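So the structure is just underneath, and the comments pick up after that.
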Amino acid sequence: MTTQLDLDRLKKAAALEAVEFVRDGMIVGLGTGSTAKHMIVALGEKVRAGMRLRGVPTSHETAALAKEAGIALIDADSRWELDVAIDGADQVDPGFNLIKGGGGALLKEKIVAASAKQFIVLVDYTKQVPMLGGSFPLPIEIIPFGWGSTAREIESLTKSRVVLREKNGAPFRTEAGNLIVDVHIARIHHPKDLEIALNQIPGVVETGLFIGRTSILIVGSPHGVDIHHAPEQ
Ligand SMILES: O=C[C@H](O)[C@H](O)[C@H](O)COP(=O)(O)O
641 MTTQLDLDRL KKAAALEAVE FVRDGMIVGL GTGSTAKHMI VALGEKVRAG
691 MRLRGVPTSH ETAALAKEAG IALIDADSRW ELDVAIDGAD QVDPGFNLIK
741 GGGGALLKEK IVAASAKQFI VLVDYTKQVP MLGGSFPLPI EIIPFGWGST
791 AREIESLTKS RVVLREKNGA PFRTEAGNLI VDVHIARIHH PKDLEIALNQ
841 IPGVVETGLF IGRTSILIVG SPHGVDIHHA PEQ
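Every position in the sequence shown, counted from 1, becomes a number in our numbering once 640 is added.
Written out as structure tokens, the structure reads:
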């Protein structure tokens with residue numbers, strides 16, 4: 641049986657491989673979550689060893705971790721061009737497509753991934769699935785105004801249960817002040833089409849589907865760390 645502690649070791653092993661892709665002088669998009677945390681700590685070690693890096697954080701939590709690690713941060717409002725973004729994921733399919741947003745950071749994460757020349761994704765092997773959906777609901781960030789109607793539209797499009805995410809008994813708010821609904825879709829057969837269709841619904845800000853964005857997938861598993869390069873999109 642693989643325990644949480646074992647999984648954390650695998651996430652760390654994947655993170656250590658990921659930072660080897662970072663070179664002196666790079667601007668790095670810093671993901672959010674328990675896997676990204678290991679990557680930030682490892683980058684901090686590189687900075688202490690003399691590497692010059694600047695980071696763009698995808699959440700307040702990541703910004704705090706990066707500062708603690710000694711990574712200089714770029715002003716969130718400036719016009720950046722990232723060399724690489726490194727982040728975790730909640731699910732990954734054989735086509736390198738992802739579900740993200742388990743921690744509610746998907747909007748900034750997608751903006752950062754989209755502006756990076758390379759997007760490196762880190763997972764432990766349990767996140768690999770033959771098809772997206774099922775074991776992990778799809779998070780969608782929506783505007784609070786009229787959220788019930790937006791949720792109904794999502795429900796009718798996906799024919800799936802839509803649940804408003806809560807935290808401490810109140811609706812969860814993203815850093816942009818929006819809400820998250822988690823959509824329990826059994827099998828996402830056509831993730832790209834679904835992403836496009838969801839983005840047509842008024843009130844949808846962004847979905848946790850990351851389609852065709854992954855450049856490199858790094859998987860930590862009990863037999864070692866595997867590095868997969870995605871085909872050019
Ligand atoms: O909103 C959160 C992010 O998309 C995370 O990258 C994702 O949930 C994976 O997190 P973890 O590495 O903690 O499993």
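Beta carbons: idealized from backbone N, C-alpha and C, even for Gly.
Fair warning: this is a prediction, and the values are worked out from it, not measured in the lab.
(request) State the DSSP-derived secondary structure class of Arg801, mapped to helix, strand or coil. (result) In the sequence shown, residue 801 corresponds to position 161, counting from 1. Reduced to three states, the DSSP call for Arg801 is strand.
(message) Could you check whether the Cβ of Asp715 sits closer than 7 Å to any heavy atom belonging to ligand 1?
(response) As a working note, residue 715 is residue 75 in the sequence shown. No; taking the cut-off as 7 Å, the Cβ of Asp715 has no heavy atom of ligand 1 nearer than that.
(message) With the cut-off set at 8 Å, would you say Ala676 and Leu722 are in Cβ contact?
(response) As a first step, residue 676 is located in the sequence shown; it is residue number 36 there, counting from the start. As a first step, residue 722 is located in the sequence shown; it is residue number 82 there, counting from the start. No, the Cβ-Cβ distance between Ala676 and Leu722 is not below 8 Å.
(message) Can you find the residues in the same chain that come closer than 7 Å, C-beta to C-beta, to Gln768, ignoring five residues on each side of it along the sequence?
(response) Position 128 of the sequence shown holds residue 768. Correct list, in chain order: Val732 and Val859.
(request) Select from Asp646, Met679, Lys686 and Lys651 the residue whose C-alpha is nearest the C-alpha of Arg663. (result) The residue labelled residue 663 in the question sits at position 23 within the sequence shown. Answer by Cα proximity: Lys686.
(request) Measure the Cβ-Cβ separation of Phe736 and Thr854 and say whether it is below 8 Å. (result) To locate residue 736, count along the sequence shown from 1; it is residue 96. To locate residue 854, count along the sequence shown from 1; it is residue 214. Yes; because the gap between Cβ atoms is below 8 Å, this pair is in contact.
(message) Considering just the uninterrupted stretch of the beta strand (DSSP E) at Leu751, what are its terminal residues?
(response) Within the sequence shown, residue 751 is the residue found at index 111, counting from 1. According to the sequence provided, residue 751 is Ile. The question's Leu does not apply to it. Unbroken run through Ile751 is the alpha helix (DSSP H), Leu746 to Ala754; no beta strand (DSSP E).
(message) According to DSSP, simplified to helix, strand and coil, what is Ser855?
(response) In the sequence shown, counting from the first residue as 1, residue 855 sits at position 215. DSSP places Ser855 in coil when its eight states are reduced to three.
(request) Consider the C-beta atom of Glu749 and the heavy atoms of ligand 1; say whether any pair is separated by less than 7 Å. (result) Translated into the one-based positions of the sequence shown, residue 749 becomes position 109. For ligand 1, at least one heavy atom lies less than 7 Å from the Cβ of Glu749.
(message) Suppose the cutoff is 6 Å on Cβ atoms and the five residues either side in sequence are ignored; what does the same chain contact list for Gly741 look like?
(response) Within the sequence shown, numbered from 1, the residue matching residue 741 stands at position 101. Pro779 and Gly848, listed in sequence order.
(message) Would the segment 827 to 835 count as touching the segment 770 to 778 if we require 3 or more Cβ pairs under 8 Å?
(response) yes
(message) Could you check whether the Cβ of Leu849 sits closer than 7 Å to any heavy atom belonging to ligand 1?
(response) Here the question's residue 849 lines up with position 209 in the sequence shown. No, since every heavy atom of ligand 1 falls outside the 7 Å radius drawn around the Cβ of Leu849.
(message) Are there any heavy atoms of ligand 1 lying less than 7 Å away from the beta-carbon of Gly743, as far as the coordinates show?
(response) Position 103 of the sequence shown holds residue 743. Gly743 Cβ: within cutoff of ligand 1.
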